[in-house]
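Under the working numbering, read the sequence shown as residues 87 to 376, first letter to last.
Virtual Cβ for every residue (Gly too), placed ideally from N, Cα, C.
As C-alpha cells, the structure follows; a few thoughts come after it.
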Amino acid sequence: MKIVIKRTTYKDRDAISIECKHFSAIFLPLDGAKMASFKTENGTEIFAQAPGQKYKRLFLDSDYVQSECSAFDDMFPTIDPCTINGFEYLDHGEACRREHNIEVKDDKVYFTCFLPSLNITYRKIAYIENDALLIKYIIENHNDIRFPYIWAAHIMLRGETGAYAVSNFPKDSEIKVVNGNPTGDVHFLPDVGNKNYKFYYTDTMSPLKCGVVYPKSKIEVDVEFDNDVIKYFGVWVNPGDLNKMYNIAIEPCSAPYDSPINAERENVCSYLMPKEMVEFTLKMSYKNLV
Numbered sequence: 087m088k089i090v091i092k093r094t095t096y097k098d099r100d101a102i103s104i105e106c107k108h109f110s111a112i113f114l115p116l117d118g119a120k121m122a123s124f125k126t127e128n129g130t131e132i133f134a135q136a137p138g139q140k141y142k143r144l145f146l147d148s149d150y151v152q153s154e155c156s157a158f159d160d161m162f163p164t165i166d167p168c169t170i171n172g173f174e175y176l177d178h179g180e181a182c183r184r185e186h187n188i189e190v191k192d193d194k195v196y197f198t199c200f201l202p203s204l205n206i207t208y209r210k211i212a213y214i215e216n217d218a219l220l221i222k223y224i225i226e227n228h229n230d231i232r233f234p235y236i237w238a239a240h241i242m243l244r245g246e247t248g249a250y251a252v253s254n255f256p257k258d259s260e261i262k263v264v265n266g267n268p269t270g271d272v273h274f275l276p277d278v279g280n281k282n283y284k285f286y287y288t289d290t291m292s293p294l295k296c297g298v299v300y301p302k303s304k305i306e307v308d309v310e311f312d313n314d315v316i317k318y319f320g321v322w323v324n325p326g327d328l329n330k331m332y333n334i335a336i337e338p339c340s341a342p343y344d345s346p347i348n349a350e351r352e353n354v355c356s357y358l359m360p361k362e363m364v365e366f367t368l369k370m371s372y373k374n375l376v
C-alpha cells in the first residue's frame, strides 16, 4: 500500500497530509495538530467544515466556539474551563490551542507539544495501517502531584438527514443528558430547526468502539481504541442552532461530563499520577454500506 505524506495547506493555514488510496487526512501542526479533513476515496468529506475561506484561529485567550470549531480537535485536559490545584484548565483544553512540532519518519507523522502552564508533554503519532488511520497518543505528566484530566476526541462529523451515532454499548444502556432537552431517539440527528443537545453513557466500555452511520449516503464512520484509557462515550448533536452548522459529534473520552471537576463529583475522573505517562491508540476508518 502506497502512503504519501506531504506539506499542503488547509484554507490559509499550513498543513500536512497523510494519504493512501482509500482516504486522505489533513492535520494543522500550528493549530493544535487538529485533523481538519478526512476524505474518502471518492473525495467525500467526513468531517463538519466551518464556512469561509479564512481559518478562524484558536489562541490561548480566545473562545473555542467562536473559532473554527469544526472537524477533529483533541480536548485535553478538559472541555469546560476550570481551575484545579492552581492549574488553569482552558476552555476546550490547551492541547488544541498550542503549536506542535512535527517530524516525518518511516511513513509516520510525529507531533509533539509541551504545555508549559500544565507541565505536560503531549505527543501523537499519525500513520496508516490496513486502510485505517491510526493515531497513537502519549501524554506525560512532569509534575510531582496527581493531575486530574479529561481527554476527549471532539470529532465533529458532517450532518445528513437520518444519520445516527453507534457504539458497542448495549442498546438499553443508561445515559445522562448534560445539555439540552432531546426528544425521541437521542442517537439520531434531528432535522434543521431543532436544538442541540449532548449526552454521555454513564457506564464504561473497553475496548470502546463508536461511530456514525449515514443510511442515505450508505457509509459508516468507525472509531475504536486499543485499551481501557478511553472507555467513556458522549454524543453531541447539533441540528443547526450552534454556529449554523448541521453536524453530529462523537466524543470518546477518558472521563465524562465535560470537566475533571464534574467527573470527580461522580467518582469517574481520570488521573495522570506523578511523573506518569499514559498511552493509547485511536483507529479511524470508514466502510461503504451495501
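> Which first and last residues belong to the alpha helix (DSSP H) in which residue 346 is found?
Replying inline: 346-351
> Straight-line CA distance for residue 361 to residue 224?
Replying inline: For residue 361 and residue 224, the gap between their C-alpha atoms comes out near 13 angstroms.
>> Just to check my reading of the structure: residue 299 and residue 252 have Cβ atoms closer than 8 angstroms, yes? What is that Cβ distance to the nearest angstrom?
In response: 6 angstroms
> In terms of residue numbering, what span does the beta strand (DSSP E) encompassing residue 208 cover?
Replying inline: 206-215
> Is there contact here, the region 287-296 with the region 196-216, by at least three beta-carbon pairs under 8 angstroms?
Replying inline: no
> Counting pairs of beta carbons, one from the region 142-156 and one from the region 337-350, are three or more of them closer than 8 angstroms?
Replying inline: The region 142-156 vs the region 337-350: no contact.
> Buried or exposed: residue 215, going by 16 or more other Cβ atoms within 10 Å of its Cβ?
Replying inline: Classification for residue 215: exposed.
> Taking Cβ positions, are residue 266 and residue 250 nearer each other than 8 angstroms?
Replying inline: no
> Taking buried to mean at least 16 other C-beta atoms within 10 Å of its own C-beta, is residue 210 buried or exposed?
Replying inline: buried
> Which same chain residues, not among the five before or five after residue 280, have their C-beta less than 6 angstroms away from its C-beta?
Replying inline: 325
>> Buried or exposed for residue 231, going by 16 or more other Cβ atoms inside 10 Å?
In response: Residue 231 is exposed by the Cβ-count criterion.
>> Using the three-state DSSP reduction, which class does residue 218 fall into: helix, strand or coil?
In response: strand
>> Please tell me whether residue 366 has its Cβ less than 8 angstroms away from any Cβ of chain C.
In response: Protein chain content of the structure displayed is limited to a single chain, and chain C is not contained in it.
> Where do the ends of the beta strand (DSSP E) carrying residue 371 lie?
Replying inline: 363-374
> To the nearest angstrom, how far is it from the Cα of residue 113 to the Cα of residue 212?
Replying inline: 9 angstroms
>> Please tell me whether, using a cut-off of 7 angstroms, the distance from the CB of residue 324 to the nearest non-hydrogen atom of the ligand FMN is below it.
In response: Looking at this structure, you won't find the ligand FMN or any other ligand, since it has none at all.
>> Quick test of your reading: residue 94 and residue 102, contact by CB under 8 angstroms. State the CB separation rounded to the nearest angstrom.
In response: The pair is a contact, with the Cβ atoms about 7 angstroms apart (cut-off 8 angstroms).
> Which parts of the region 272-301 are runs of the beta strand (DSSP E), unbroken and 3 residues or longer, counting only runs that do not cross its ends?
Replying inline: Within the region 272-301, the runs of beta strand (DSSP E) at least 3 residues long that lie entirely inside it are, in chain order, 283-287, 295-300.
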